[in-house]
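Protein chains: 4
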Amino acid sequence: MNKYSFLDDYSEGCHPDILKTLADTNMTQQTAYGGDEYSERARGLIRQHLGNDTTPIYFVSGGTLSNIIGISSVLKSHEAIISANSGHIVLHETGAIEATGHKIIQVPSADGKLTPDGVQSALDSNAHFPHMAKPRLVYISNATEAGTIYSKEELSSLSKICKKNNLLLLLDGARLCTALAADNNDLTLKDVCEFTDIFWIGGTKAGALIGEAIVIPNQDLAEDFAFHIKQRGGLLAKGRLLGIQFLCLFENKLFMELAKYSNAMANKLSSAIVDCGYSLAAKTDSNQVFPILPNTLIEKLQQSFDFYLWEKVDNQHSTIRLVTSWATDEVQVDSFIGIVKEI
Amino acid sequence: MNKYSFLDDYSEGCHPDILKTLADTNMTQQTAYGGDEYSERARGLIRQHLGNDTTPIYFVSGGTLSNIIGISSVLKSHEAIISANSGHIVLHETGAIEATGHKIIQVPSADGKLTPDGVQSALDSNAHFPHMAKPRLVYISNATEAGTIYSKEELSSLSKICKKNNLLLLLDGARLCTALAADNNDLTLKDVCEFTDIFWIGGTKAGALIGEAIVIPNQDLAEDFAFHIKQRGGLLAKGRLLGIQFLCLFENKLFMELAKYSNAMANKLSSAIVDCGYSLAAKTDSNQVFPILPNTLIEKLQQSFDFYLWEKVDNQHSTIRLVTSWATDEVQVDSFIGIVKEI
Amino acid sequence: MNKYSFLDDYSEGCHPDILKTLADTNMTQQTAYGGDEYSERARGLIRQHLGNDTTPIYFVSGGTLSNIIGISSVLKSHEAIISANSGHIVLHETGAIEATGHKIIQVPSADGKLTPDGVQSALDSNAHFPHMAKPRLVYISNATEAGTIYSKEELSSLSKICKKNNLLLLLDGARLCTALAADNNDLTLKDVCEFTDIFWIGGTKAGALIGEAIVIPNQDLAEDFAFHIKQRGGLLAKGRLLGIQFLCLFENKLFMELAKYSNAMANKLSSAIVDCGYSLAAKTDSNQVFPILPNTLIEKLQQSFDFYLWEKVDNQHSTIRLVTSWATDEVQVDSFIGIVKEI
Amino acid sequence: MNKYSFLDDYSEGCHPDILKTLADTNMTQQTAYGGDEYSERARGLIRQHLGNDTTPIYFVSGGTLSNIIGISSVLKSHEAIISANSGHIVLHETGAIEATGHKIIQVPSADGKLTPDGVQSALDSNAHFPHMAKPRLVYISNATEAGTIYSKEELSSLSKICKKNNLLLLLDGARLCTALAADNNDLTLKDVCEFTDIFWIGGTKAGALIGEAIVIPNQDLAEDFAFHIKQRGGLLAKGRLLGIQFLCLFENKLFMELAKYSNAMANKLSSAIVDCGYSLAAKTDSNQVFPILPNTLIEKLQQSFDFYLWEKVDNQHSTIRLVTSWATDEVQVDSFIGIVKEI
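Protein sequences appear in the order of chains A, B, C and D. Okay, so the first sequence: first residue is 1 according to this note's numbering, each after it adds one. Okay, so the second sequence: first residue is 1 according to this note's numbering, each after it adds one. Okay, so the third sequence: first residue is 1 according to this note's numbering, each after it adds one. Okay, so the fourth sequence: first residue is 1 according to this note's numbering, each after it adds one.
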């Protein structure tokens with residue numbers, strides 16, 4: 001890769017503190033399968049944010065695996081999931097949820113978010129029992145696949161309709177760090193813990209090499225959770241690898257600081273582009289920027305940078321997507337802005 | 001853990017070279033999902049041992065996940081697996097294979113190995129079609145769960161009966177390193193590649209933090225393999241983590257050297273125990289030792305060491321299991337032997 | 001049920017010829033599991049319509065089971081189905097297909113039919129491999145869930161796009177009888193056999209008690225089909241029950257004649273209603289009629305008849321659904337029409 | 001089939017009363033999907049034997065489908081079944097249970113029965129959690145696949161160990177009729193209802209064309225049962241077909257009388273063979289007879305009869321299996337005995 005990449009937020013390795021801690025602890029002997037002291041300490045640190053000392057927390061290696069385990073562990077075979085049609089489980093997981101036997105009921109969504117009205121419409125059109133699968137779990141992600149975030153009011157109202165209809169609420173937090181660090185965010189981890197039944201805190205996009213922390217506020221769902229982690233291939237012999245990373249992220253506020261930096265870089269790009277008179281296809285809530293630019297400018301930028309061409313707007317303009325991360329080089333951001341300004 | 005542990009071969013982190021390379025490469029931008037240069041170089045190094053420049057190789061995070069992906073990707077829903085009744089997929093994966101929809105036909109085995117006769121008996125007693133699932137894949141592990149290893153002759157004869165009966169042969173190589181490094185081993189990676197349709201090279205027990213390299217000599221099976229990795233949650237965004245580890249293991253022969261060290265430590269324990277007049281419940285082929293000791297001696301050893309009580313032999317004696325690894329501290333081995341000699 | 005029912009086409013038992021043949025053959029001893037002489041003769045009769053003496057045919061008890069077996073037997077776990085969003089497998093089978101592990105890609109459809117453009121759009125939006133399940137099978141039904149039927153030209157063009165894209169074409173023929181018997185139909189069983197890879201001929205709505213005949217023109221798909229029937233619980237010990245019914249339906253053209261009668265009754269209802277000045281929400285292609293009537297008239301009709309209120313049109317009018325069958329009593333049809341004319 | 005068959009108990013159609021009732025009720029309009037009046041009356045008649053007016057009862061078409069639905073509806077994905085290694089779900093259902101995602105733990109059994117000790121040993125050897133699937137359901141059949149039957153004492157003691165270990169007890173009653181009608185039986189349907197959580201009453205071998213009545217004494221398990229019937233393809237549009245058959249079997253005690261006749265025919269064969277000085281490989285509890293005969297006699301019998309050669313005993317003798325049914329022709333039984341006596 002000779003050009004600088006704004007393709008995604010996982011092109012680099014991990015925050016150097018993590019590598020240092022891995023090295024410092026490397027030769028200690030630890031109990032396997034997540035019973036190590038680092039995982040235990042990481043759980044303790046995360047629980048400080050949850051407002052509950054006993055909330056079960058499990059570490060697994062990735063996001064799709066978290067979705068597989070989290071969803072299949074709480075559903076019986078006739079139960080279905082309600083998701084926005086842009087949900088990661090709908091579009092980008094190769095049918096992983098269906099492969100565990102469950103139907104996903106899709107709700108149209110323009111901005112990646114699910115609303116109580118959307119949930120209600122899914123319930124209404126899936127009520128012809130027993131000829132239809134029974135809706136039992138609502139899947140949302142925050143930040144969404146479109147980079148938008150949920151407000152406390154929105155999450156609370158989703159929680160209400162779920163409780164009213166005996167639906168579980170699951171939040172995929174692969175991008176939770178950048179959501180919570182967004183300027184217009186008013187949610188805390190404690191709120192997420194209060195409003196959802198199960199959620200995860202993504203590590204990969206937050207500065208770790210791999211890893212998600214699955215948090216289960218609805219403790220009934222946790223009873224046999226370890227079986228499901230093992231059954232789906234998610235139980236690492238050297239669980240310390242996951243524990244150490246979350247330990248580093250939640251010591252010294254690294255988790256939030258890295259996300260704030262990532263968002264700040266996105267804002268810097270976004271503001272500069274708007275200042276140059278260009279518009280955005282979507283508001284920059286977190287670390288994804290969707291500027292609409294002249295194709296000539298895009299071609300110029302492509303000589304030095306990698307990014308996704310998102311959508312054709314008209315014959316002269318296209319939307320591109322720029323993603324920043326904890327590792328984004330501000331010099332490259334400035335260089336990108338320089339080219340935009342120049343033209 | 002205050003005592004020194006001979007419980008397993010994954011109590012420590014990873015070989016220091018791996019941590020160093022992770023640090024050295026950390027901030028380079030890499031293509032995600034296994035498209036990084038380190039994964040590509042690791043594949044090249046492994047292929048040098050296989051005798052084929054084009055053999056497909058994929059990296060995934062763990063052993064159970066490799067079994068899930070490897071097995072479910074090659075079978076149709078009515079096809080079954082033949083395995084020794086001591087196979088890891090039978091006993092210690094929480095029904096992971098059945099969770100993908102497939103039946104496992106168990107063949108009794110005293111030493112963890114499967115023989116052509118065992119395969120034939122499974123075929124004979126599962127031929128009442130279509131009332132019985134159709135045997136299609138033979139699962140073996142090397143080293144086996146009992147620590148025994150396959151000879152070239154044994155693997156070749158299994159390969160023959162499989163080919164004759166249109167069965168695929170899969171070798172679970174979670175412990176392949178210690179098998180290939182065993183004193184009485186006559187197999188090479190090239191042989192394994194010749195005799196099997198798909199196998200994996202375990203990293204976790206070979207000095208890595210996580211990771212298995214899935215090798216697919218029968219290239220027809222590889223066509224859509226990446227879909228299955230993704231669908232089962234095994235596709236890491238930062239695939240570099242896996243590639244870098246195998247790069248380190250296969251540069252400078254680390255993979256074999258660490259395994260030889262591990263076996264040597266087991267042999268040292270084994271020989272000293274036998275020299276003291278005690279017998280072994282099983283021959284020490286690789287890195288597992290099963291001495292039969294007086295209970296009084298066992299109690300004494302337990303004051304300083306952790307290990308599994310394997311089986312009661314009589315009122316005065318029990319079998320214990322000692323596992324060594326690339327990280328075993330020879331000082332502790334000597335100390336263990338000292339206590340045995342003393343009593 | 002005190003009122004006469006136009007709710008569905010399975011409120012009565014079966015054509016009396018079937019009961020007579022069941023009685024006539026009852027005490028003969030027959031080979032189990034579909035090996036009986038009646039099933040064999042029924043296959044022979046059906047094959048006379050297919051233009052191929054060797055086409056594999058299997059009988060199973062119902063439509064959802066046929067979908068489960070037909071679809072899961074031909075797909076590998078990462079492969080997906082393309083269906084109209086009104087497809088029976090999408091809406092009314094309780095997630096049966098997902099329960100076998102497969103994702104259904106939904107294509108919007110106003111009239112229940114799938115077009116080559118619809119298939120192409122599904123391919124285009126599901127091409128981000130390996131992050132998306134691989135489209136492999138196109139599911140259509142004829143007559144569709146909306147009562148519409150495919151023309152020869154339409155089915156041929158679907159077949160073409162499928163072949164071009166390595167997609168299998170499956171036709172759910174639960175209502176195939178009324179489709180083939182429709183006035184505007186130009187398809188034959190031979191055409192269906194030519195254009196699809198697998199399809200079934202529904203018996204339940206054609207005058208049988210239960211039963212579907214699964215036909216597999218693409219014989220490669222039939223190799224292990226019996227295993228799948230057994231594995232999904234579809235292999236009846238007394239397979240004669242299914243064979244005898246299809247034997248009766250395909251002797252003396254009963255299959256087509258009953259469907260023609262059913263369609264004729266629908267046409268009679270439809271024409272009379274239109275003659276009275278009311279409009280239809282959809283054209284009456286087969287045995288479903290969707291008149292738009294004043295609510296006052298509907299209430300009057302409900303005193304003597306059962307039928308579905310389909311949709312509110314405005315404050316004074318609603319669409320209702322009337323379904324006729326081989327068993328529809330023409331006296332009741334006349335009585336229904338009488339009330340419509342009267343008001 | 002020119003010879004008279006003792007191969008199985010499903011070579012003929014059904015008891016004539018069933019055909020008569022099918023004919024008598026044929027043209028009445030009935031609510032679909034099991035809501036018909038015949039199914040409701042059949043449930044009422046069966047409940048008279050259960051000692052509980054509210055026990056849920058569902059009708060499905062076959063035995064394997066009952067196992068699929070009954071088992072998959074009550075288990076979560078990490079839960080396993082304990083079964084004798086001779087269980088129908090282990091040996092003769094093409095991996096149907098595994099295809100729903102569940103592991104079967106096999107317990108060796110010489111006579112087809114499972115004992116409390118067998119259950120305990122399965123629990124003991126499957127307790128390494130979470131690395132092993134969690135035992136949750138015990139599967140037994142009565143009569144067993146070997147023709148043996150459970151006493152009240154045996155079933156009661158199985159029930160006790162299940163309750164003590166939070167295990168559900170499921171009884172596959174495909175052959176329940178001949179078990180309950182056996183001379184040495186002391187179980188009633190009420191007992192079965194008391195001791196099990198879910199069981200079924202087989203119709204196919206009891207004189208019906210198809211059909212099993214699934215009874216759910218543990219009513220918590222019934223909550224969403226209809227979803228599972230539909231999802232697995234077991235919900236017949238014309239549910240009347242199943243209801244009418246059980247209505248006939250449970251009116252006028254046909255269910256028990258036919259089974260008694262079947263057992264009597266087996267006893268007649270068995271006694272006569274023993275009287276001739278031959279021994280039996282197993283006691284004749286129900287409608288299966290396992291005589292050990294000289295090969296020369298067997299060859300002679302094969303000229304007029306079809307039956308299974310079960311096992312070679314020595315160079316001159318083999319075990320054969322004879323199965324009788326409600327439809328067995330006593331003239332043929334006498335003729336069989338005549339040949340045995342003659343030689």
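Cβ atoms here follow ideal geometry from the backbone N, Cα and C, with glycine treated the same way. Here the structure is a predicted model, which means the values were calculated and not measured.
Remark: C-beta atoms of F255 of chain C and G211 of chain C do not approach each other more closely than 8 angstroms.
Contact check for I105 of chain D against I82 of chain D passes: the beta carbons are separated by less than 8 angstroms. Sequence-distant partners of T25 of chain B (beyond 5 residues in either direction) whose C-beta falls short of 8 angstroms from its own C-beta, in its chain, are Y38, R240, I244. Apart from the 5 residues on each side of it in sequence, T55 of chain A sits with its Cβ closer than 8 angstroms to the Cβ of R47, C193, V215, I216, P217, Q219 in its chain, given in chain order.
Judged by their CB atoms, T324 of chain C and A282 of chain C are not nearer to each other than the 8 angstroms cut-off. Assigned with DSSP and collapsed to three states, A80 of chain A falls in strand. When DSSP assignments are scanned along the region 21-70 of chain A, the uninterrupted stretches of alpha helix (DSSP H) that are 4 or more residues long and fall wholly within it turn out to be 37-47.
Cβ neighbours of L155 of chain D within its own chain (closer than 6 angstroms, five residues either side excluded): F195. Close CB contacts of F250 of chain D within its chain, under the 6 angstroms cut and outside five residues either way in sequence, are with L45, I46 (chain order). Within chain B, Y33, D224, F225, A226, F227, H228, I229, K230, Q231, L235 have C-beta atoms less than 9 angstroms from the C-beta of P130 of chain C, given in sequence order.
Across the structure, S279 of chain D and S318 of chain D are spaced so that their CA atoms are roughly 11 angstroms apart.
Per DSSP, V313 of chain D is not a residue of any beta strand (DSSP E), being assigned neither H nor E. By the Cβ test, the region 323-339 of chain A is in contact with the region 301-312 of chain A, since at least three Cβ pairs between them sit closer than 8 angstroms. The beta carbon of E257 of chain D does not come within 8 angstroms of any beta carbon belonging to chain B, so the residue lies off that interface. For F199 of chain B, the enclosing beta strand (DSSP E) covers residues 198-202.
A contact is defined here as three or more CB-CB pairs under 8 angstroms, and the region 222-231 of chain C fails this definition with respect to the region 260-277 of chain C.
Burial state of P108 of chain C is exposed, judged by a 10 Å Cβ sphere holding fewer than 16 other Cβ atoms. Interface criterion met: the Cβ of I68 of chain B is under 8 angstroms from a Cβ in chain A. Cβ-Cβ separation between V313 of chain A and I292 of chain A: approximately 5 angstroms, consistent with a contact (criterion under 8 angstroms). For the region 310-329 of chain D, there are no residues whose beta carbon sits under 9 angstroms from a beta carbon of chain A. Per DSSP, D329 of chain D lies in no alpha helix (DSSP H) and is assigned neither H nor E. By the Cβ-count criterion, H131 of chain D is buried, with 16 or more other Cβ atoms from all chains shown falling within 10 Å of its own Cβ.
Residues of chain D whose Cβ lies closer than 7 angstroms to the Cβ of K103 of chain B are, in chain order, G95, E98.
For E12 of chain D, at least one C-beta of chain C is nearer than 8 angstroms to its own C-beta. Secondary structure at Q120 of chain C: helix, using DSSP grouped into helix, strand and coil. The region 135-151 of chain C and the region 72-89 of chain C touch, with three or more beta-carbon pairs separated by less than 8 angstroms. Sequence-distant Cβ neighbours of H15 of chain B in its own chain, meaning closer than 6 angstroms and more than five residues away, are G207.
Fewer than three beta-carbon pairs drawn from the region 109-128 of chain D and the region 174-184 of chain D are found closer than 8 angstroms, and the two stretches are therefore not classed as touching.
Nearest C-alpha to N67 of chain A among A:S262, A:A213, A:D172: A:D172.
When secondary structure is reduced to three states using DSSP, P108 of chain A falls in the coil class, being assigned neither helix nor strand. In the DSSP assignment, A182 of chain D falls outside any alpha helix (DSSP H) and carries neither an H nor an E. Identification of residues in the region 66-92 of chain B having a C-beta nearer than 8 angstroms to some C-beta of chain D yields S77, H78, A80, L91, H92, given in sequence order. If you check the CB distance, D9 of chain A and T148 of chain A do not come in under 8 angstroms.
Closer than 8 angstroms to the CB of K341 of chain C there is not a single CB belonging to chain B. Contact of A133 of chain B with chain D by beta-carbon distance below 7 angstroms involves T94, G95.
Separation of G13 of chain A and I71 of chain C (C-alpha to C-alpha, rounded to the nearest whole angstrom) is 42 angstroms.
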